[in-house]
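Residue numbers (numbering that gives the first Met the number 0), protein chains in the order written: chain F, 0 to 297; chain B, 0 to 269. Note that the Cβ used here is the ideal one computed from N, Cα and C, for glycine as well.
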Amino acid sequence: MNEVVLSIKGLSKNYGKVQAVKQLELEIPKGSVFGLLGPNGSGKTTTLGMVLGVVNPVAGSFRWFNENDDVLARKRIGAILERPTFYPYMSGWDNLDLVSRLRSCGMDRAKDVLEMVGLYERKDDKFKGYSLGMKQRLAIASAMLADPEVLVLDEPTNGLDPMGIAEIRDLIRNIAAGGKTIILASHLLDEVQKVCTDFVILKNGKKIHSGKVNSIGANTRLIELGCSDMNALQSALNNMNQIKSLVRNNDLIQVSLDADVTAEMLCKSLAEKGIFPGHIITREKNLEELFLQIVNEN
Amino acid sequence: MFRLLKIELFKLRKTRFFWILIGLVILAFSILPIGAKLWLDYMTSENETIGQFMPDKLPIFDFYDIWQNLTWVYSGFSVLAAFIVLISITSEYSYTTIRQNIIDGFNRNEFILSKLCLILFLSVIFTIAVFIIGLALGFAYSPVTDVASIFAHADMLLAYFIHLLTFLSFSLLIGLLLKRSGLAIALLVFYIYFIEPIINAIIRFEMELPFIASSLPYKATQSIIPNPFRKYVLSEIRYTIPGPEMMVCLVYLGLYVFASFYVMKKRDLS
């Protein structure tokens, strides 16, 4: 169960004086959908570049599948780095053909992967004529061509419209459901929360947080309240000792509570004070809030 | 080997520049002997002499002069083949496919090897083309067509082949280092037609060091095919591949190949 797909030890890289990645330690468990988060320039792409063999690390090491030969290991990984990269004058199909030659993997799956990303009808069109969303989808098809065990996706939804983003998200979920390990670098936190199981946050090349996505809201509960008399509501809430923090904006108040305090308990105590909120929404703390909190703390 | 060559040809097959350059080579290779023949016929009709020869007696298309004549003249068009190599490597940078190829499971050495396969392929094809053109011209115009005459001094084809290998490897290294097609082509052309001739002239005539002058990077690839036309004017006969020049050329070839692998190994492909 606790098999590790990729382990990174003390990995560092600098470009001149700029330290892009500092002493990074990371283990990516098999079968996880692993989110690599961080602001722009935090070292996500550099880290992926190093483990994919295109950027030479200055220090540290990494190991795929406990395998010594990382060229052999790379044949078991499908990856996109930064943006879809293909020969623009070739058709989608020919580009996949070329990838199959580079990987020596054959074209048996070409039709399947193109159908999976919904590009089969456009396979004979030149890559340069594709829309950005089609390019991203071709990149995913190409990464899936050799049926890899691990899929590395760097900003796969970059520059896409909401529909395109939703398509890619579904695609990633379907692939993950097939049991593949996915490493996803992104700054779209909403995306990561929706598809990932684990995540790390990088900042200035350092790991500042790691955890499981489903435990993000584990020890706090967020409740949003609204009622006709906001001032009375606010003062009533201020006097309750279960409340950890309170934020009022316009006609809504957001409070965070210990996880064992439910909305029902809160409403009961408000009712005892003669206040009946008309708007009550319980939600979990989201990754975005956690991310901003952690990034600002560091 | 064949897998790598097939990959390279697969990449080139749908590009326009490749076919345009191949077309230009075919044009140049066919126009030259036709032009030379027309000129000789014209000179004959005007009763002009070239050196001490009557134009129709000049053994330009005769076995075995033809090999040196053709390879020397055609080596001037190797720059077209160099453009193929240059664009092929620099476009991998501009499309960033050089990085994606590695991500897709090519290793860095294979990448350089595949480009070297392309260089080997172009050199072989060009040499074979010159061989066939030489045979055709010789059989059409040479007074002697016995086997011994045909293949005497056909070793100039080997010199031509080494010339191509070395010059194209030089272009590969230039492309790898400069990364941008326009820049690489402009600098290569500027270097071989402007900078090197000036340096060559200074070293050869001012400093009087002809061997050093012949060992300049581009000149070195040409010096292994001695100018054949001088003999018609000066009766200075040189039919053989010069040994020291060949050594210099081979050293360059090794250096370029080694440097290409080294640059690729050390570089971050981002």
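Inter-residue spacing [alpha-carbon to alpha-carbon] between residue i and residue j
i	j	result
Val188 of chain B	Ile76 of chain F	42 Å
Ala138 of chain F	Thr84 of chain F	7 Å
Ile131 of chain B	Leu167 of chain B	22 Å
Ser60 of chain F	Gly9 of chain F	7 Å
Ala72 of chain F	Asn100 of chain B	15 Å
Tyr261 of chain B	Lys36 of chain B	47 Å
Ile102 of chain B	Ile7 of chain F	18 Å
Ser130 of chain F	Leu172 of chain B	35 Å
Ile202 of chain B	Leu215 of chain B	10 Å
Pro56 of chain F	Tyr192 of chain B	41 Å
Gly277 of chain F	Ser227 of chain F	8 Å
Gln135 of chain F	Asp96 of chain F	17 Å
Leu175 of chain B	Ala258 of chain B	10 Å
Ser214 of chain F	Asn94 of chain F	41 Å
Gly163 of chain F	Lys272 of chain F	49 Å
Asn295 of chain F	Leu286 of chain F	14 Å
Gln22 of chain F	Lys206 of chain F	9 Å
Arg98 of chain B	Ala27 of chain B	36 Å
Val32 of chain F	Ile181 of chain F	5 Å
Val194 of chain F	Thr219 of chain F	21 Å
Met0 of chain F	Val149 of chain F	Here the model assigns Met0 of chain F a pLDDT of 47, short of 50, so the residue's position is not dependable and the matter cannot be decided.
Leu85 of chain B	Glu207 of chain B	34 Å
Ile83 of chain B	Leu118 of chain F	32 Å
Val212 of chain F	Glu223 of chain F	22 Å
Ile127 of chain B	Arg100 of chain F	28 Å
Same chain, Cβ closer than 7 Å to residue i, five either side skipped, listed in chain order
i	result
Gly42 of chain F	Ala19, Val20, Leu201, Gly204
Gly48 of chain F	Val54, Leu80
Phe290 of chain F	Leu36, Leu188, Ile200
Lys264 of chain B	Arg107
Ile242 of chain F	Leu236, Val254, Leu256
Asp267 of chain B	none
Leu3 of chain B	Glu109, Leu112, Ser113, Cys116
Cross-chain neighbours of residue i in chain B, by beta carbon under 7 Å
i	result
Lys299 of chain F	For residue 299 of chain F there is no data in the structure shown, the boundaries of chain F being 0 and 297.
Tyr88 of chain F	Lys13, Thr14
Chain F residues whose Cβ lies nearer than 9 Å to that of residue i
i	result
Ile21 of chain B	Within 9 Å Cβ-Cβ: nothing; Ile21 of chain B doesn't reach chain F, min ~16 Å.
Residue i - DSSP class collapsed to helix/strand/coil
i	result
Gly117 of chain F	coil
Thr281 of chain F	strand
Asp257 of chain F	strand
Asp250 of chain F	coil
Met0 of chain F	Per-residue confidence for Met0 of chain F stands at a pLDDT of 47, beneath the threshold of 50, marking its modelled position as unreliable; the derived number appears in the next sentence. Note: Met0 of chain F maps to coil in three-state DSSP.
Gln233 of chain F	helix
Asp111 of chain F	helix
Lys16 of chain F	coil
Phe110 of chain B	helix
Ala151 of chain B	coil
Gly210 of chain F	strand
Ile65 of chain B	helix
Ile171 of chain F	helix
Residue i: contacting residues in chain F (beta-carbon distance under 8 Å)
i	result
Lys114 of chain B	Result: empty, since nearest Cβ-Cβ is about 14 Å, beyond 8 Å.
Nonlocal neighbours in the same chain, by C-beta distance under 8 Å from residue i, ignoring five residues either side
i	result
Glu195 of chain B	Leu215, Pro216, Tyr217, Lys218
Gln233 of chain F	Leu245, Arg247, Ile252
Val143 of chain B	Asp61, Phe62
Pro155 of chain F	Ile79, Gln135, Ala138, Ile139, Ile167, Ile171, Leu183, Ser185
Contact set for residue i: own chain, Cβ-Cβ below 6 Å, skip 5 residues either direction
i	result
Leu159 of chain F	Gly132
Leu5 of chain F	Ile27, Trp63
Boundaries (first-last residue) of the alpha helix (DSSP H) holding residue i
i	result
Ile161 of chain B	155 to 177
Ser185 of chain F	From DSSP, Ser185 of chain F is part of no alpha helix (DSSP H) but of the beta strand (DSSP E) over 180 to 185.
Val194 of chain F	188 to 194
Gln99 of chain B	96 to 102
Lys43 of chain F	43 to 50
Leu8 of chain B	1 to 12
Pro185 of chain B	Looking at the sequence itself, residue 185 of chain B is Ala, so the reference to Pro does not match. Unbroken alpha helix (DSSP H) run through Ala185 of chain B: 180 to 189.
Glu263 of chain F	262 to 271
Per-residue contacts from residue i into chain B (C-beta, under 8 Å)
i	result
Ala235 of chain F	Going along chain B, no residue has its Cβ under 8 Å from Ala235 of chain F, so there is no contact; the nearest lies around 57 Å.
Arg100 of chain F	Arg2, Lys5, Ile6, Phe9
Val70 of chain F	Gly104, Asn106
Leu97 of chain F	Ile6, Phe9, Lys10
Thr84 of chain F	Tyr94, Thr95, Thr96, Arg98, Gln99
Contact set between residue i and chain B, taken where Cβ atoms lie within less than 9 Å
i	result
Asn240 of chain F	Chain B residues near Asn240 of chain F: none, gap ~54 Å exceeds 9 Å.
Leu80 of chain F	Thr95, Arg98, Gln99, Ile102, Ser269
Proximal chain F residues relative to residue i, where beta-carbon distance stays under 7 Å
i	result
Ile101 of chain B	Gly52, Val53
Ser269 of chain B	Gly48, Val53, Val54
Beta strand (DSSP E) segment containing residue i, residue limits
i	result
Val32 of chain F	32 to 36
Thr219 of chain F	219 to 225
Val149 of chain F	149 to 153
Residue-level contact to chain C via CB, residue i, 8 Å cutoff
i	result
Gln67 of chain B	In summary, chain C is missing from the structure at hand, where the protein chains are F and B.
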